[in-house]
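Numbers given in the numbering used here equal positions in the sequence shown, counted from 1, plus 42. Glycine included, C-beta positions come from ideal geometry on N, C-alpha and C. Computed from a predicted model, the values in this text were never measured in an experiment. Read the structure below first, then the notes.
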Amino acid sequence: MMITPVHRFRDIERKPEYLQPEKCVPPPSHASLGTMWFIRDGCGIACAVVTWMLVFYADFVVLLVMLVPSRDYVYSVINGTLFNTLAFLALASHFRAMLTDPVSISLSVCLGKKKAVFFLSGAVPKGNATKEFIESLQLKPGQVVYKCPKCCSIKPDRAHHCSVCKRCIRKMDHHCPWVNNCVGENNQKYFVLFTMYIALISLHALIMVGFHFLYCFEEDWTKCSSFSPPTTVILLILLCFEALLFLIFTSVMFGTQVHSICTDETGIEQLKKEERRWAKKTKWMNMKAVFGHPFSIAWLSPFATPDQGKADPYQYVV
């Protein structure tokens, strides 16, 4: 039986009947687990829409203000292709991070010893502290299980309740309003790629803005853009401010996420300084657990679902 550190957010129960299963609704059926995951949070939805609008604005300025009016055809094609490719990958990563269902459950029963074993990652099944589910665990006297009183679920190790998602999320790093979802072990890859690609297009935009300002100072301002000089300056300054802001923000987030993956310690666990009770692995093994086995170009693709076959599952009962 895996034991979790005790803190004030967890209810410790030593017998199944103390979990009060009559107050819990049955967990979702297997069919409902395949439905699309989407958090209905007004703030998160607004932040996600703003994120897409800012990327489209940057693409608009890069193409119509800087590249299309340029007389250097090769320069425009190369930079336009590179910027749009990175922007597409950034939005695809954002889409996957936002809509990836954290519920990834595989149920199996050890018939030999008559013990129910439940493997899961990401979101914990809501309301699974039912009488039938607790009895299937076949807990022995003295065994300890944890219950979340907010979502009425048996809380596995390294799980924390998210007040926005209204679920317990295993290996929850934080809830990010910009992707309108929790960042957990099932979508952390997409969040890391999102921050990386946003940082790259921000840096690329800053470099192009710098070159374009130099070009406009040397040439006639009326010929370096399809817009009037005042409009061109305003658009470029806004893009420069946006790119600089997001370059700093996403670079910091990218660095903290990579550090969290390498140390196999989530942001919440670091913040609460929780005692480490899980096996320590190498940094490379931790990276492969998030991005997939083995190392390949698929690590950089938001369309490739990481192979979690070798990732550490959680067992309610061992």
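Taking only the alpha-carbon atoms, compute the straight-line gap between residue 175 and residue 98 and give it to the nearest angstrom.
48 Å
Grab me the residues of residue 320's own chain with a C-beta within less than 6 Å of its C-beta, minus the 5 sequence neighbours each way, in chain order.
none
Please classify residue 94: is it buried, with 16 or more other beta-carbons within 10 angstroms of its beta-carbon, or exposed?
exposed
Which value, in whole angstroms, describes the spacing of the CA atoms of residue 247 and residue 260?
20 Å
Can you grab the Cα-Cα spacing for the pair residue 313 / residue 335, in whole Å?
29 Å
Assuming residue 296 and residue 237 make a contact with CB atoms under 8 Å, what is their CB distance in whole Å?
4 Å
Taking only the alpha-carbon atoms, compute the straight-line gap between residue 132 and residue 271 and give it to the nearest angstrom.
31 Å
Using beta-carbon positions only, say whether residue 128 and residue 310 come within less than 7 Å of one another.
no
Determine the contact status of residue 139 and residue 233, defining contact as a CB-CB distance below 7 Å.
yes
Our contact map puts residue 170 next to residue 195 with C-beta atoms below 8 Å; I'd like the distance itself, whole angstroms only.
5 Å
Please check the pair residue 119 and residue 250, which I expect to be a contact at CB under 8 Å, by giving their CB distance rounded to whole angstroms.
In fact, because the Cβ distance is near 13 Å, the residues do not count as touching under 8 Å.
Alpha-carbon to alpha-carbon, residue 340 and residue 268:
39 Å
Anticipated Cβ contact below 8 Å, residue 79 with residue 124, distance rounded
Going by Cβ atoms, the distance from residue 79 to residue 124 rounds to 32 Å, so no, they are not a contact pair.
Please classify residue 290 as buried or exposed, where buried requires at least 16 other C-beta atoms within 10 Å of its C-beta.
exposed
Assigned secondary structure, residue 81 (DSSP; H/G/I helix, E/B strand, else coil)
coil
Suppose you measure from the CA of residue 224 to the CA of residue 303; what does that come to, to the nearest Å?
15 Å
The alpha helix (DSSP H) with residue 138 in it runs from where to where?
115–141
Assigned secondary structure, residue 340 (DSSP; H/G/I helix, E/B strand, else coil)
helix
Report the residue from 324, 287, 317 and 241 whose alpha carbon sits nearest the alpha carbon of residue 366.
Shown here, the chain extends from 43 to 360; a query on residue 366 therefore has no answer.
Using the C-alpha atoms, what's the distance from residue 332 back to residue 166?
18 Å
For residue 219 and residue 229, I'd like the C-alpha separation in whole angstroms.
14 Å
Taking the continuous alpha helix (DSSP H) assigned at residue 330, which residues delimit it?
325–333
Please classify residue 345 as buried or exposed, where buried requires at least 16 other C-beta atoms within 10 Å of its C-beta.
exposed
Within a Cβ cutoff of 7 Å, which residues of the same chain sit near residue 122, ignoring the five residues on either side of it in sequence?
105 and 109
Using the Cα positions of residue 315 and residue 213, report the straight-line distance between them to the nearest angstrom.
14 Å
Is the CB-CB distance between residue 292 and residue 211 below 7 Å?
no
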